[in-house]
Amino acid sequence: MLQITRRRLVQYGASMSVAAVLPWTVPAAAKAEAVAYSPRESLPVLELDVEASLAGGRLITKGGDYRTMAKGAVIMVPAGAVIPAFWWAMKITRGHTIEPGARFILRGADKKQRSALAVPANQGLLNLINYSDTPISMELENLSLKAGKGGDALRLSGPDHIRLTNVRVEGGKNGIFAPTHPLDLEMYGCEVLHSGDGSGLTHNVYLNYTRSAIIRDCRFHSPRAQGHVFKSYAQHMDVRNSYFAHYETPQDLQTGFYGELPVLDRGAWGSTIAVGNTFVRRGPARDVVIDVRNRAFPPGYSKYIRPGWGTTPVDYHLVDNRDSQNPYLFHHLFYKNTIINGVMPDQTLDPAIVRSPGAFVRNNGSTPWDAHYPSKPEKQPAPADFLPRNERAVVYLAGNKINGMQFRNYYKASPFGEDAIKTPIIDLKQLPPWLKEWAKV
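Sequence positions in the sequence shown follow my numbering and run -12 to 428.
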């Protein structure tokens, strides 16, 4: 079987200067409807009632109940406050008369001195809940959240849109956890660290099958081993100018906050744009920095999501990754990132990484017989007529810089434990026009 590299594509006769392509395929009913969210200047400004909220275990506001504000509201948290809250919820239900596009913003009053919500025990902290049938936005600004590993620090449960700006999340069973919902997440200038319970199943950030994740100028580091720094199965992920590291200080390593799993675990059934980021691999760590991993969420697999929503498998005979216009491909671009492999905080080389230099990225593929399906067998025998060109997930590498220990292999073009199956990783000297247009770089 042939490994599909840029040279192989030329041999196959594929054109690299084509129009934009579909990054994924979803049913029409599952696509996001255009929603105009309420402008923030039009929202009523309420004050958090700290005593009532602590007594009630949820967000309670002075000057009116935020849940009755049809267009949404801004909830101000006192500047510099440290509030001993746990298992609070910002919650909208079907009984609340909320307009489509309503916007609820929980905001610390001072950008430079974040207001803090801190769990006094080993508990979770804050849940953003939308049980209504109305698309709404829930947002956090200028806040610090600190939780115990008995529950998630921040759980995202159903709003169509969530924006986090200048938010620091520390601790929690997961730092940020999104169950399966078709939501759009944006993060700007945030930091997430020291999350996970040590099981290897919880992480700093764990985005299950969400619609999209837009990440800018954020820092993610030092999850409790064996957790991931960032785990995302979003249909589309666009992350730029952000920082991902196994750990930051000797104290992190000594206290068990060193990750150990790949820095970024990325679902292959979607699309990725990763530009201008820094990925730091420190030991003990798995063999790859980034794992583009297969996991499928077919329509109807869960009773908790909207009918018809999910990724639709296709007959592999229709897939041809030699043609970048093929509508069934999943594109994953890693462009102009810096990879720091095995450089310790004191700038010496990590002996664990010297012994195991590893690889930057592995394409674990997206063949339906090798997919992780919830509640279904994970692997089936590959069809006898399967060819490398039938693989849907394509990884593009261009302009990435490696500091520290050089990798044993720049990339791994085979799924884990499946050396006979080759997956497409295309190492480009420069981006073709269609990729530039698609990624807006």
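Note that beta-carbon positions come from the ideal geometry of N, C-alpha and C, so glycine has one too.
For the pair valine 64 and leucine 30, the CB atoms are not nearer than the 7 Å cut-off. Glutamate 86 and glycine 297 have their alpha carbons spaced roughly 26 Å apart. It is roughly 15 Å from the alpha-carbon of threonine 325 to the alpha-carbon of tyrosine 383. Secondary structure note for lysine 133: its beta strand (DSSP E) is the uninterrupted segment 124 to 134.
7 Å or more divides the Cβ of leucine 320 from the Cβ of arginine 379.
By the Cβ-count criterion, histidine 304 is exposed, with fewer than 16 other Cβ atoms from all chains shown falling within 10 Å of its own Cβ. Counting along the chain, no beta strand (DSSP E) covers glutamate 38; the unbroken alpha helix (DSSP H) around it starts and ends at 37 to 43.
By the CB criterion at 7 Å, asparagine 129 and arginine 101 fall inside the cutoff. DSSP places lysine 423 in the uninterrupted alpha helix (DSSP H) bounded by 420 to 426. Arginine 282 and proline 314 have their C-alpha atoms some 19 Å from each other. Judged by DSSP secondary structure, arginine 342 falls outside any beta strand (DSSP E) and instead within the alpha helix (DSSP H) spanning 338 to 342. As a beta-bridge residue in DSSP terms, arginine 155 pairs with Ser131, Glu178. In the structure shown, tyrosine 397 adopts extended strand secondary structure according to DSSP, grouped into three states.
Going by C-alpha positions, isoleucine 116 is about 47 Å away from aspartate 372. Remark: C-beta atoms of isoleucine 327 and valine 267 approach each other more closely than 7 Å.
For a cut-off of 8 Å, the C-beta gap from threonine 410 to asparagine 350 is around 4 Å, short enough to register as a contact. Cβ-Cβ distances below 6 Å link alanine 76 to Arg45, Asn114, Ile116 in the same chain, with the five nearest sequence neighbours on each side left out; the list follows chain order. Judged by their CB atoms, glycine 88 and alanine 23 are nearer to each other than the 7 Å cut-off. Secondary structure remark: continuous beta strand (DSSP E) runs of at least 3 residues inside the region 280 to 359, in chain order: 317 to 322, 325 to 328, 346 to 350.
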